[in-house]
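K.L.:
Residue numbers (my numbering): 2 to 348.
#1: Among the candidates 11, 41, 156, whose CA atom is the shortest distance from the CA of residue 164?
#2: Quick check on the burial criterion: 16 or more other C-beta atoms within 10 angstroms. Buried or exposed for residue 1?
#3: Is it buried or exposed for residue 300, if we count other Cβ within 10 angstroms and need 16 for buried?
#4: Mapping DSSP to helix, strand and coil, what is residue 264?
#5: Per the DSSP calculation, residue 344 is bridged to which residue(s)?
#6: Could you check if residue 135 is buried or exposed, using at least 16 other CB atoms within 10 Å of its CB as the buried criterion?
#7: Kindly indicate which three-state DSSP category residue 339 falls into: helix, strand or coil?
#8: By alpha-carbon positions, which one of 310, 324, 281 ends up nearest to residue 90?
#9: Does the count of Cβ pairs from the stretch 209-229 and the stretch 266-274 closer than 8 Å reach three?
#10: When you compare the stretch 28-41 with the stretch 233-243, are there three or more beta-carbon pairs, one atom per stretch, that lie closer than 8 Å?
#11: If contact is defined by three or more beta carbon pairs under 8 Å, each pair taking one atom from either stretch, is the stretch 184-198 in contact with the stretch 239-248?
#12: Given this structure, state the Cα-to-Cα distance separating residue 257 from residue 330, to the nearest angstrom.
#13: Indicate whether the contact test is met: 3 or more Cβ pairs, each with one atom in the stretch 122-139 and one in the stretch 190-205, closer than 8 Å.
#14: Just how far apart, CA to CA, sit residue 53 and residue 181?
#15: Suppose contacts are defined by Cβ-Cβ distances below 7 Å. Is residue 318 in contact with residue 8 by that definition?
#16: Can you check DSSP and say which residues form a bridge with residue 142?
#17: According to DSSP, is residue 235 helix, strand or coil?
#18: Do residue 145 and residue 259 have their CB atoms nearer than 7 Å?
#19: If I'm right that residue 283 touches residue 336 with Cβ under 8 Å, what's the distance once you round it to whole angstroms?
#20: Could you name the residues that DSSP lists as bridge partners for residue 193?
#21: Return the chain-ordered list of same chain residues with a C-beta closer than 8 Å to the C-beta of residue 271, the five sequence neighbours on each side being excluded.
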């Protein structure tokens, strides 16, 4: 009933946020209770080596990556970076925060001009396009599971005169096919593989890293940016109406622990790990919420092209609730509970 009222915008944001914080506390209590009776290391090793590489990829694509591109152009910053940004001292707007995280990513991944680079799970091309601009002699190959994103990236690269960027549509779940379908059978070797907030949608990390190792040059590096919890690991399961996030935005996804790559056996070893406290992501989400509110009329009108008027308004509100939930999550305990972690791996 409360979710229904929230989606109809019959509750003020302050009440919705209070409910979100209560649910987050319940989540922590439940997951800590499970962890207390578990052999954490053994469970993580088992979880990261079980099942298929990815599940519910069609749901993830429908929920986010095939949503109208215009929504993200209105909600995100100018780079369309649909992931945590970096709010350094003096950073006052989303555009600068996007640029700061892109620069930090390339610094930590040790990206250099002239390299061959794979952007795995590239979204709307925020990193791919940035790489192509900043490293004009590099060869950038981007892959995402979305025809909508493909069309957007190809057009934006053409508009900017970027000839060193190629985008392919590919579903990571296809990596378990034999023989491998296009584009996976044509990728070749890379000096760097960068993946931003894609591993949270994966299930069998051992299998995925085995594939990544095949794509890396002998001295290559894999850089992974994930959102995570300080200690806990849990999956988003749609078991009923109360599982709102899993049902509408994160079907098949997981919340990994900050030390996830210390529990994945395979051909790649962890070289370094960094943390970005959750306040940066919380501030990113607040900026997205402000953009959703600023462009409410345009967004609802765009949704009305595919939905009845009432459903279009509800969909806009759902996106607001999603962003509010993410903001409250990352703001918990001053950003020390849920956060972003960067991982550098090598052969």
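Where a beta carbon is used, it is the ideal one built from N, C-alpha and C, also for glycine.
P.N.:
So, from the listed chains and residues:
#1: Comparing Cα-Cα distances from residue 164 to each of 11, 41, 156, the minimum goes to 156.
#2: With the chain covering 2 to 348 only, the question about residue 1 has no answer from this structure.
#3: buried
#4: coil
#5: BP columns for residue 344 point to 225, 274.
#6: With a threshold of 16 other beta carbon atoms within 10 Å, residue 135 falls short and is exposed.
#7: strand
#8: 281
#9: yes
#10: yes
#11: no
#12: 14 Å
#13: yes
#14: Approximately 15 Å between the Cα atoms of the pair.
#15: Cβ atoms of residue 318 and residue 8: closer than 7 Å.
#16: 119, 167
#17: strand
#18: no
#19: 7 Å
#20: 118, 222
#21: 262, 263, 344, 345, 346
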